[in-house]
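Here's the structure, in structure tokens; my notes come after.
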């Protein structure tokens, strides 16, 4: 990794590896999360009673014993909601509390408010609930057969894929089932509602989307938006899991607070969080890819079925994004892509880093490995020849790629990680192992990622910021973006400090509050720095316009102003920033401004699947080497080399953290994290004792990350690129490497043995057994 | 009233705190919100705090400072102990070297797990055991020190880098003495035990028996609480009467005589790791790779520091890792009660899923093992979804011995395959005296395959468990035919040549 890149910079701050603004707060335990806030007098605690059946009608809900339990002060049901019961994120379908019908195990039936968290939870068991059970659809297969969807199926076509597939010399047909993923943010979902005067409320919510929490609290309570103020200083991780999922907690806490006049906290214990909140979608990807004998992709037909759970939530965009990324970085002359949003009687799945992109992308990478095996090619050669390139630059959704980053990036990585030499060495190792009958095999795979940057819901591509300079020269910054650990506050503060030429510590990025910057978009789609950085820069420009006028008319400075090293300079004139600001204030100059940004040039027709949904693409590639023990299926990731395109990075230390952390999170998704469901629709992997995210041991022993340093060809903030989601998909290389390691036990097998995703030791064992036993 | 020292200040432990855990008390009563709740089940490490050992069995841990999960530690269990939280290590103006290094090395992102990592790394620095000689071993030790802490953001690399930087600070500014980097603390714990009538902490057998008599018919015994406290946190169960066994002197003894090793039921896993390290005063020949392997992958450092051998057997969990190995060592249990004691062979102890012959009021007193001819001979293999801090899909323990081409000793047992720890007893009999040929191995595998009836659950399928039952036996058989020790495995595969450069 190279944290101090030498390159021309606007200032020493942009591109500098500044520490996270809360770093010392985190390490000393002084950074406060919502559950750490000093508690108001008479604080009440909320917990919800949950459905124990996957689908049915509630025939009896007797809560008398709950009401009389020790410490209980209130019990709330759907009938007690004064406003709109539905808290669906985009489309309706998510009742705050079940209203007669239940559609998943864990669905909240009622809320208990008590004097302690323990009392609230102990009271829940006293509810007497009876159901008239209905048949439940629990799997993609069941929903597909029943034609059960939360939203209509979409089909995008380019050319005549069927005709091309009918004549293609090699057609690979298959289905890859990819399991979902539990977010496992370390801070569980939490909200704290504080009632105020005149029917107002302040709600502290651990949310990526304060604007929507505000809207939903107001609609549940049937009060105007201006009575609800939502605050989020920081989240203890989110990863998409607090984009829509945080709102119900805030709404229930707010409702309970209004009813009691007391502050109410709703903090989900880990078990409830793992049962009651949505996860990454399972996807079943059915595909046919047609190739010519040289390995050129001729056509494809891809059917992506997402398991959405019981309601639409964000599944429209998630399945769209799977469709957008179904060809990853590759060109196809003809394709049919179908995206299905299947309704099941399970918790409603939601955003998770990558937002359907990872599930869309993995099938083509698996299929390319199959094709290379069949054609006797190195898989990297097959990948390289199919990359989008001049003359083959159209994506299947109408966006033409103009900035071809990956060919050069892959060449660089391939050389730097010694791909060819190591492949040969691994082939020898595996051949020797086959000869000796020993247990270990190795595999190496290099895969690219091309990820589209922008919300595919166009209206979300906007942001506001508020920048205020005080008379002592200190600067306060707020914007609609939220801090979930990704370093957004640090990066946007760097933009503002750079604009005024002051040290970073002179800028404070304050908590995200809906009363400071209204109508904010979610911090999602990797867009946080792009949108809020630009909005903050715009606010700085507006303040500077006023200051320029002040300098000219009051100080007689005629040259343009520069802000550098704590000085404001115009030609031969110069003042310290503090003195300059003091004088500007005395001359009655505005020292505060709002800024705004809307991403230009994007448009998309969802029904047709045509337009320019993305402002630009972020890229990366990873080469992963693994070792597998055939006796048990256990494995280790020996070495990973990543080359990633973060444009001109605003903060390489923070971006490096996103790349490494994203990769490891992706590695978890594809290896040890196995979401499992019982036949009755219950989440079996419902605790960290049986759902295993990676530990330090699972991290690659050798982990080399470099930046592919090239400014963004689009005019983003300081020509940087979004970096939150794309690195997660780099982990597909490790999954491909595991599959290749298994395949090596039988080089004569006609086809590559299938590997499940996630590739748990059991799945790897099965894959190696299949490779050994069949297809000789 | 009993008291607890937190960050150098003594606090009384209020009565009626029997069902409170240390974490909630720190956060809610003391306002020390730096320590976080991530799971309330001892799986994530966000609630990690340091305990400073000043007396008794704690000192035999081999470390005077050790980490625990505050979420699954009853407050009353810490009466008379000193606890250090993240706030006690330093503050933003005067951070501890680990706190400073974690910040400069970009080792926190969302920051929620961070205090737990700070405590784990600080404990690693305070570890006085000999420092690993080479970089790879030091890295391995560092990884192991945070194996009970989950981070969802960073990918861990910067956390390990921070430890290196902090170690340099300790070497440079504190002459290598990590204890000198701790802020001065005025109060010393002094001897103090829980005075809570609902949470009794006897220190002798006499006290224990009087506690049992006063407690009524069926008291709940606490032997580490790393499993029991899940009932409190996850099922919101209130306990009427708890008796903590961990401080009873007689339950903390380890004795060695006449080819038998007798281990008190309250001995912690951490102490057992020292016992079997080859560096214990009871003998350098007590070097047992199988035990060390078992313990390395047993829960987390936090759990091993609190959990006890008796607790692992007392819960009678079918997925406990100790029973299969103990069965291979012909373990016998001494069950104590106010009426006296009785001896039960371990293979007669389990009666069903989480059920044993232990009667109400009866407690696990000692575990006695027949010493193998060579402590390096028994083998243990664990297969789990994740390497560190995971529950076994299958755990296999083997004590096989071959002399002059014949199997002369044969014990094997499995965890995770049945409702109780499982011994293929038919196979063990068949193998005794059999020639060490490929034909015998093939017969044995067929016999195992026919005999094993594994579970099917969230951790592994029945088919995989069956395959692993055979696979692990094959591995043990191969090891029997070679030198005592481990067969080749993944962990011996050298990292890619030259890649660290």
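Chains as they are written, first to last, in the numbering used here: chain A, 1 to 776; chain B, 1 to 501.
Using N, Cα and C, we set each Cβ at its ideal position, and we do this for glycine too.
Remember, it's a predicted structure, so these values are computed and weren't measured experimentally.
The DSSP-derived three-state label of residue 459 of chain B is coil. Residue 414 of chain A does not reach chain B, its nearest Cβ partner there being about 16 angstroms away, counting only Cβ pairs nearer than 9 angstroms. In the structure shown, residue 620 of chain A falls within a strand segment according to DSSP collapsed to helix, strand and coil. Among the CB atoms of chain A, none fall inside 9 angstroms of the CB of residue 65 of chain B.
The C-beta of residue 391 of chain B comes closer than 9 angstroms to at least one C-beta of chain A.
Against chain A, the CB of residue 468 of chain B has a partner CB under 9 angstroms away; the residue lies at that interface. Linking residue 132 of chain A to residue 42 of chain A through their CA atoms gives a straight-line distance of about 39 angstroms.
Collapsing the DSSP output to three states places residue 50 of chain A in a strand. Close partners of residue 46 of chain B in chain A (Cβ separation under 9 angstroms): 186, 187, 236.
In the structure shown, the three-state DSSP call for residue 365 of chain B is strand. Residue 165 of chain B and residue 443 of chain A have their alpha carbons spaced roughly 34 angstroms apart. As far as DSSP is concerned, residue 210 of chain B takes part in no beta bridge. With respect to chain B, the C-beta atom of residue 423 of chain A has no partner C-beta closer than 9 angstroms. Residue 394 of chain A carries a strand assignment under DSSP once its states are collapsed to helix, strand and coil. Secondary structure note for residue 26 of chain A: its alpha helix (DSSP H) is the uninterrupted segment 23-28. Rounded to the nearest whole angstrom, the C-alpha separation of residue 215 of chain A and residue 202 of chain A is 13 angstroms. By DSSP's assignment, residue 243 of chain B forms a beta bridge with B:200, B:221. For a Cβ distance threshold of 9 angstroms, residue set 28, 29, 30 of chain A lies close to residue 87 of chain B, ordered along the chain. Neighbours of residue 146 of chain B across chain A, judged by C-beta separation under 8 angstroms: 695, 696.
Contacts with chain A (Cβ-Cβ distance below 7 angstroms) from the segment 111-143 of chain B involve 111, 112, 113, 114, 115, 118, 143, listed in chain order. Residue 56 of chain A carries a strand assignment under DSSP once its states are collapsed to helix, strand and coil. In the DSSP annotation of this structure, the continuous segment of the beta strand (DSSP E) that includes residue 345 of chain B starts and ends at 340-345. Residue 96 of chain A carries a coil assignment under DSSP once its states are collapsed to helix, strand and coil. Contacts with chain A at 9 angstroms (Cβ-Cβ) include residue 159 of chain B. Residue 271 of chain A reaches chain B at 234, counting residues in chain order whose Cβ is nearer than 7 angstroms.
For residue 152 of chain A, the three-state secondary structure derived from DSSP is strand. A Cβ-Cβ separation of about 6 angstroms places residue 450 of chain A in contact with residue 406 of chain A under the 8 angstroms criterion. Following the DSSP letters along the chain, one finds residue 450 of chain A in no alpha helix (DSSP H) but inside the beta strand (DSSP E) bounded by residues 440-453. Counting every other CB atom within 10 Å of its CB across the protein chains shown gives residue 352 of chain B a total below 16, marking it as exposed. Per DSSP, reduced to three states, the secondary structure at residue 28 of chain B is helical.
With contacts defined as CB atoms closer than 9 angstroms, residue 468 of chain B and residue 460 of chain B qualify as a contacting pair. Check the Cα spacing between residue 256 of chain B and each of B:345, B:298, B:276, B:207: the tightest is with B:276. Residue 500 of chain A sits in a helix when the DSSP states are folded into three classes. The beta carbons of residue 333 of chain B and residue 362 of chain B sit about 10 angstroms from each other, so the pair does not count as a contact at 8 angstroms. Just measuring C-alpha positions, the residue of A:358, A:277, A:494, A:195 sitting nearest residue 254 of chain A is A:195.
Taking all protein chains in view, the Cβ of residue 762 of chain A is crowded by 16 or more other Cβ atoms within 10 Å, so the residue is classified as buried.
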